[in-house]
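A.B. asks: Before I ask anything, here is the structure I am working with.
In this note's numbering, the protein residues as written are 90 to 228.
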């Protein structure tokens with residue numbers, strides 16, 4: 090399996106299983122949802138097991154049980170930077186693919202949400218200046 094994955098230049102992996110094989114040759118980005126917490130993620134991701142319920146502002150109507158998190162909350166952004174990123178990177182990889190920013194267009198409205206998303210990316214870059222970041226669904 091590892092040799093097959095090494096044939097790609099870039100991989101995005103979502104950590105779900107300790108048996109996951111991290112290839113050595115391509116650039117490997119770990120997946121990190123920054124505005125959602127799915128039931129599966131809340132079960133498996135250590136950093137999501139203790140989440141303040143006030144950060145959960147709505148359910149994603151397209152994915153039952155998936156919480157939309159309030160990215161405007163500084164404590165949620167701090168949790169991503171101080172807990173989610175180190176935990177995610179501890180499972181391997183060269184960087185992160187930050188996902189679920191598309192929720193800004195799909196489910197939530199307001200300039201304050203956009204500003205909070207920009208602050209999060211700025212703060213991640215400040216905390217991890219050499220980390221490769223790819224932003225999916227920039228909103």
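Glycine included, C-beta positions come from ideal geometry on N, C-alpha and C.
Computed from a predicted structure; not experimentally measured.
So is residue 106 buried or exposed if we call it buried at 16+ other beta carbons inside 10 Å?
C.D. replies: As a first step, residue 106 is located in the chain shown; it is residue number 17 there, counting from the start. Low local confidence applies: a pLDDT of 47 at residue 106 is under 50, so the model's placement there is unreliable, with the coordinate-based value given in what follows. With fewer than 16 Cβ atoms within 10 Å of its Cβ, residue 106 is classed as exposed.
A.B. asks: Are the beta-carbon atoms belonging to residue 124 and residue 174 less than 8 Å from one another?
C.D. replies: Working through the chain shown from its first residue, we reach residue 124 at position 35. Working through the chain shown from its first residue, we reach residue 174 at position 85. No, the pair does not count as a contact, with Cβ atoms beyond the cut-off.
A.B. asks: According to DSSP, simplified to helix, strand and coil, what is residue 214?
C.D. replies: If you number the chain shown from 1, residue 214 lands on position 125. Helix, per DSSP.
A.B. asks: Going by the beta-carbon positions, is the gap between residue 209 and residue 160 smaller than 8 Å?
C.D. replies: Within the chain shown, numbered from 1, the residue matching residue 209 stands at position 120. Within the chain shown, numbered from 1, the residue matching residue 160 stands at position 71. Against a cut-off of 8 Å, the Cβ pair of residue 160 and residue 209 comes out as a contact.
A.B. asks: Does the separation of the CB atoms of residue 223 and residue 100 fall below 8 Å?
C.D. replies: Locating residue 223 in the chain shown gives position 134, counting from the first residue. Locating residue 100 in the chain shown gives position 11, counting from the first residue. Contact flag unset, no.
A.B. asks: Can you have a look at residue 182 and say buried or exposed, based on whether 16 or more other CB atoms are within 10 angstroms of its CB?
C.D. replies: Translated into the one-based positions of the chain shown, residue 182 becomes position 93. Buried: at least 16 other Cβ atoms inside 10 Å.
A.B. asks: Exposed or buried, residue 211, counting other C-beta atoms within 10 Å across all chains shown (16 or more means buried)?
C.D. replies: The count along the chain shown starts at 1 and reaches residue 211 at position 122. Exposed, since its Cβ has fewer than 16 Cβ neighbours within 10 Å.
A.B. asks: Go ahead and pull the three-state DSSP assignment for residue 98.
C.D. replies: As a working note, residue 98 is residue 9 in the chain shown. Looking at residue 98 - three-state DSSP - the assignment turns out to be coil, as it is neither helix nor strand.
A.B. asks: Would you report the Cα separation of residue 179 and residue 213, rounded to the nearest angstrom?
C.D. replies: Taking the chain shown and counting its residues from 1, one reaches residue 179 at position 90. Taking the chain shown and counting its residues from 1, one reaches residue 213 at position 124. Rounded to whole angstroms, residue 179 to residue 213 spans 16 Å at the Cα level.
A.B. asks: Residue 206: buried (16+ other C-beta within 10 angstroms of its C-beta) or exposed?
C.D. replies: Stepping through the chain shown from its first residue, residue 206 is reached at position 117. The residue is buried, with at least 16 neighbouring Cβ atoms inside 10 Å.
A.B. asks: In chain order, which alpha helix (DSSP H) runs of at least 4 residues are fully inside the region 171-203?
C.D. replies: The region 171-203 contains these whole alpha helix (DSSP H) runs: 174-178, 192-195.
A.B. asks: Return the first residue and the last residue of the beta strand (DSSP E) that residue 119 is part of.
C.D. replies: Walking along the chain shown from the start, residue 119 turns up at place 30. Where residue 119 is concerned, the enclosing beta strand (DSSP E) stretches over 116-122.
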